[in-house]
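One structure is given below, encoded as structure tokens.
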Amino acid sequence: MMFSYLPSLHEWMETDFLLLTTKDEPILKEDSRNMFLALCDEPSYFDRSKRSWIPCAAINENESVEKILPLFKENNIIIVKQQDGGIAGYLSAYNVIQHLFHALQYGEVFFKTILNTIDASVTAIDKDGIVKVWTEGAERIFSYKQNEIVGKPITDFFTIDHLEIMQTLKTGKTLNKHHHQPHEDVTVLINSAPVYLHDEIVGAVVSETDITRQVRLNQELFNVSAKMLQLEEKVSKLSPSKDPFQMIRGSSKAIKETIERAKKVCTTEVPVLILGESGVGKELFAKAIHETREAAGSPFIPINCGAIPASLFESELFGYEKGAFSGADTRGKKGKIELARGGTLFLDEIGEMPLDMQVKLLRVLQEKKYFAVGGTKEIDADFRIIAATNKNIEKMVSENKFREDLYYRLNIVNIQVPPLRKRYEDVIELSHYFFYEFSVRYNRPLHGISQNIMQDLLAYDWPGNIRELRNAIERLVVFATDGHIKREDLPFTPEPQISPESSLYFEEKITVDPSLTLSKQLGHYEKKIILETLKKQNGNKQAAATQLGITRATLYNRMKKLGI
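First residue of the sequence shown: 5, per my numbering; consecutive thereafter.
Written as structure tokens, this is what we have:
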């Protein structure tokens, strides 16, 4: 969006003039006209003080201001011509200066009002690093007043290594939502951009939002999560989980909506098609659906369609009778369909199933009967089917790479599992869970997770989704022999940060009171999170509920229960 406060050329132009067809016409001193113009030989205006015609420049009425201003070096008057060749008016240097000065004042008051309205910190420097803008938000974050810093070099107040604005000034680099530590005890989310004038950098601007409290709450969440995971493990050993979907980690709106959709499916026996990229947890959803809608002890038989050679697929799926082919087990073998009797057959990567097998699977789904390889007796099929794929099945159908009739048979209900990049808020929760899991498995007590590591995990795109995140955390824990997670052990190249050598570890720990129940201690931190969210949203309960991923009614109930 561009805001312009420069007046148009027609607003600058004066129109009180008399156009003469010849310069020989007499001009009386008492004539009240402001200006006399002529185009007969060359563009000219009549100078009353000199009583003579002065040549001047002429421009078209659609000419740009940038091309007009240089003409005033040698012209006091500039004639403005219409498209048809007539004269629309004229420009005088004095009048143009007045309009430009007014435009400057007009823009300045808008600029100051915008800055005073912005709650975040905004800083602007010129090409020499002199502070030109320092808002109240910057005063709150950095504790320097405007009269202390404006007009002085910004390097007098901050070391250059901690000044992203200076990097932007020198290199022209633009940042968006970048984590930055201007002080050891302050963390901000920073946007930075250079200021260009005629393709030359003449300054830089940064805006910063203080997220120090959120960072501290993140560490508190890590500690609480570790305690809760310990309790979950103890409870799970005593009694099985009542909710199979509990193992699907995440509290984002996207994953909650997906879980709710999956739970609705569990009330039926229809085939389910689970869609999603590799590593999003499709098999976890399949197991949760199975455990919810099937009786305890019912078999869950997975088969990876992409891992079985086409020549062996039929025998794997349907089984075979003894002596069915050379090299076969003399006793015969039950197929996956038979093993799934009374339970669920999970066809992972269904898009890799050979076309000839798709025909046979469709027949089983339609008739509920099949033959084992080499068998003559028809066998009843009794199973529920869940299929999953990371491919675009609809596109495969249109390209005749997947049977359309099987697709519609499987796609009665589909569940789209969102990738990790669309549920970034779950990265923290999943990371904490995996850090705890592997620290216990490998006996690596962790002293804390550095802020830089969490920044890197949040900034990464995770093309391999949860599987990739889990592997990355496992790698970090394996190499943390001294209890410290190191940035150089990340399996990917992290984005550059302001001070990579400065690894700030969160030292603020949760005090566990043995006299209080877990519920009361969690309530204490839940109250802090709600209060912090309400503060951030300026008391707007609907906005706070949306940020927390709950309904407004739930927020009111939690506030009432917690005494807020």
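C-beta atoms are modelled at their ideal positions from N, C-alpha and C, and glycine is treated no differently.
Since the structure is predicted, the reported quantities are computational estimates derived from the model, not experimental observations.
Exposure label - Cys44; buried when at least 16 CB within 10 Å
exposed
What number of angstroms, rounded off, separates the C-alpha of Asp386 from the C-alpha of Val421?
27 Å
The alpha helix (DSSP H) with Ser256 in it runs from where to where?
Looking at the DSSP string, Ser256 is not in any alpha helix (DSSP H), and its letter there is neither H nor E.
Measuring CB to CB, does Ala258 end up less than 8 Å from Arg427?
yes
Spatial distance of Tyr94 from Leu201 (CA atoms):
29 Å
Which residues in the same chain have their Cβ closer than 7 Å to the Cβ of Ile470, if we skip the five residues on either side of it in sequence?
Gly283, Val284, Gly285, Leu424 and Leu434
For Gly347, three-class secondary structure by DSSP:
strand
Please name the residue or residues paired with Met39 in a DSSP beta bridge.
Phe21
Cβ neighbour criterion (16 or more within 10 Å) applied to Gly133:
buried
Length-filtered (3 minimum) beta strand (DSSP E) runs lying within the segment 262–320
276–279 and 304–308
For Asn542, is the classification buried or exposed, using 16 other Cβ atoms within 10 angstroms of its Cβ as the cut-off for buried?
exposed
Under a Cβ-count criterion, where at least 16 other Cβ atoms within 10 Å of its own Cβ denotes burial, should Asn396 be classed as buried or exposed?
exposed
Rounded straight-line distance, which links the Cα of Leu179 to that of Asp123:
19 Å
Please report the distance separating the alpha-carbon of Lys337 from that of Asp486.
51 Å
From the DSSP output, in three-state form, read off Gly331 for me.
Bear in mind that a pLDDT of 45 at Gly331, under 50, signals an unreliable position, so the number given afterwards is only what the model happens to contain. Three-state DSSP puts Gly331 in coil, outside helix and strand.
Do Tyr446 and Val482 come within 8 Å of each other at the CB atom, strictly closer than that value?
yes
Going by beta carbon distance, what residues of the same chain come within less than 8 Å of Thr537, once the five residues before and after it are set aside?
Ala548, Gln551 and Leu552
If you drop the 5 nearest sequence neighbours on each side, which residues of the same chain put their C-beta closer than 8 Å to that of Arg265?
Ile419
Given Asn151 as reference, the closest of His294, Glu140 and Ile145 once Cα atoms are compared
Glu140
By a C-beta neighbour count over all protein chains shown, 10 Å radius and 16 as the cutoff for buried, is Met5 buried or exposed?
Note that Met5 scores a pLDDT of 40, beneath 50, so its modelled location is shaky and nothing firm can be said.
What residue from Trp16, Ala311, Met39 and Glu29 has the CA that sits closest to Leu22's CA?
Met39
Would the beta-carbon of Gly254 fall within 8 Å of that of Ile129?
no
For Lys181 and Gln455, what's the separation of their Cα atoms in angstroms?
15 Å
At the level of alpha carbons, what is the spacing between Glu429 and Phe438?
15 Å
To the nearest angstrom, how far is the alpha carbon of Gln87 from that of Ser68?
15 Å
Pairwise C-alpha distance: Glu168 and Asn66:
42 Å
Inspect the beta-carbon positions of Arg556 and Gln546 and report whether they are closer than 8 Å.
yes
Among Thr296, Ile81, Ser211 and Lys399, which has the Cα closest to the Cα of Ser125?
Ser211
With distances taken from CA atoms, which of Val444, Pro449 and Pro498 is nearest Met458?
Pro498
By DSSP, does Gly207 sit in helix, in strand, or in coil?
strand
If you measure between the beta carbons of Ala392 and Ile278, is that distance less than 8 Å?
yes
With Phe439 as the anchor, note down where its alpha helix (DSSP H) starts and where it stops.
Glu429 to Arg445
Count the other CB atoms within 10 Å of the CB of Arg144; is the residue buried (16 or more) or exposed (fewer)?
exposed
Which value, in whole angstroms, describes the spacing of the CA atoms of Lys540 and Ser147?
20 Å
If you draw a straight line from the alpha carbon of Glu70 to that of Val84, how long is it in whole angstroms?
15 Å
Could you check what DSSP says for Ala548 in three-state terms: helix, strand or coil?
helix
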